[in-house]
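Start counting the sequence shown at 751; every next residue gets the next number (this note's numbering). Contents: one structure, followed by commentary.
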Amino acid sequence: LTFIAAGTSVPDLISSVIVARMGEGDMAVSSSIGSNIFDILVGLPLPWLIFMFYPNKLDTVSIGADGVWLSIMILLGMLVLIIVCIHLSKWRLTKTLGITMFFFYLCFLVQAVVRSELSKD
Numbered sequence: 751l752t753f754i755a756a757g758t759s760v761p762d763l764i765s766s767v768i769v770a771r772m773g774e775g776d777m778a779v780s781s782s783i784g785s786n787i788f789d790i791l792v793g794l795p796l797p798w799l800i801f802m803f804y805p806n807k808l809d810t811v812s813i814g815a816d817g818v819w820l821s822i823m824i825l826l827g828m829l830v831l832i833i834v835c836i837h838l839s840k841w842r843l844t845k846t847l848g849i850t851m852f853f854f855y856l857c858f859l860v861q862a863v864v865r866s867e868l869s870k871d
């Protein structure tokens, strides 16, 4: 799944870099944020809506993900941190802000891998 996710993000990355190099940084940011918002608002609910309206005998679906609520809280915390960092940089994308966001992403990946390894034991 990671390779599929990366494969769908590469075109967004390339288009954002091209637009940013043309001097349209706002457009690059809105493109990357907009595609993620679309994925969350359409990509996640659409399969559930299809399942809901598809005739079957199941009333509920069990999601087998341990610690999903902790993951949600961590992601919300990351969102707050990112918004605070963007606000502190006066809503301008700078190299420092980019490095900070990349650092947050690495922290998220490290904690996800550590939690995954700990849950295997």
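Each residue gets a CB set at the ideal place from its N, CA and C atoms; glycine is no exception. Predicted model, so just to flag it, every value in this text is computed and none were measured.
Under the three-state reduction of DSSP, Asp776 is assigned to helix. Sequence-distant partners of Val779 (beyond 5 residues in either direction) whose C-beta falls short of 8 Å from its own C-beta, in its chain, are Ser766, Leu843. Pairing Phe803 with Met828 gives a Cβ-Cβ distance that is not under 7 Å. Rounded to whole angstroms, Gly773 and Phe852 show a C-alpha spacing of 22 Å. The segment 812-819 and the segment 788-800 do not touch, with fewer than 3 CB-CB distances between them shorter than 8 Å. As the crow flies, the alpha-carbon of Cys835 is around 16 Å from that of Phe858. For Ile833, the enclosing alpha helix (DSSP H) has its first and last residue at 818-838. In the DSSP assignment, Arg842 falls outside any alpha helix (DSSP H), carrying neither H nor E. A straight-line Cα-Cα distance of about 28 Å links Leu868 and Ile849.
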